[in-house]
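In this note's numbering, the protein residues as written are 6 to 212. Here is the structure we will look at.
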């Protein structure tokens, strides 16, 4: 009887150690990334979901596939927090485009992540890819500090590309933060806020 009891005890110990390791790995997969983000990555056979998407009123009804959730987490792990350079941003955009072509991630997945970060989600595939890459590398763009309704953009304003535009600016020809204005119900509110710096980016959230 004594020998049998000792055998049972020895067999139980490895099982406990293994369960602890699996739980630790799952927790690491679910919490890696920037502050303010979270995900739930279960053990094998458990569906992977995102607490962040479920908690946001604009994304809670969107059922993102597991492969897309894991893709966004990998992007954040590989690129998030790195110093932005044109080469790195181009590499990130190519990474996103390739996985869109392979149908790992869909345009609506990217637009959902943009909505999660209160970013403008309109545009074609190239435009939303650029917005996603900019957010991962730099953080989200806040609402306009002047009108409080418009979503700030960074780059060259569209009016500069129009040859007949009569609008001018002391910052013309430079990439900058600018506000395109916004709609208040059905009335368009103009805003001419521009700045080269002094705008604090928001921490980027991901599924």
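Idealized CB from N, CA, C, for every residue including glycine. The structure displayed is predicted, hence computed values, not measured ones.
Taken through DSSP and simplified to helix, strand or coil, residue 126 comes out as coil. Here the C-alpha atom of residue 75 lies approximately 28 Å from the C-alpha atom of residue 156.
Here residue 121 is not near residue 65, since their CB atoms are 7 Å or more apart. Annotated three-state conformation of residue 204 is coil, per DSSP.
The beta-bridge partner set that DSSP reports for residue 183 consists of 158, 199.
Each residue's CA atom was taken as its position, placing residue 91 and residue 69 some 30 Å apart. Distances from the CA of residue 175 to each of 192, 186, 197, 158 were compared; the closest alpha carbon is that of 197.
If only complete runs of 3 or more residues are kept, the stretch 63-94 shows no beta strand (DSSP E) anywhere. Exclusion of the five residues before and after residue 99 leaves no residue of its chain whose Cβ lies closer than 7 Å to its Cβ. Going by beta carbons, residue 116 and residue 126 fall inside the 7 Å limit. Bridge partners of residue 192 according to DSSP: 189. Counting only the Cα atoms, residue 208 lies some 18 Å from residue 97.
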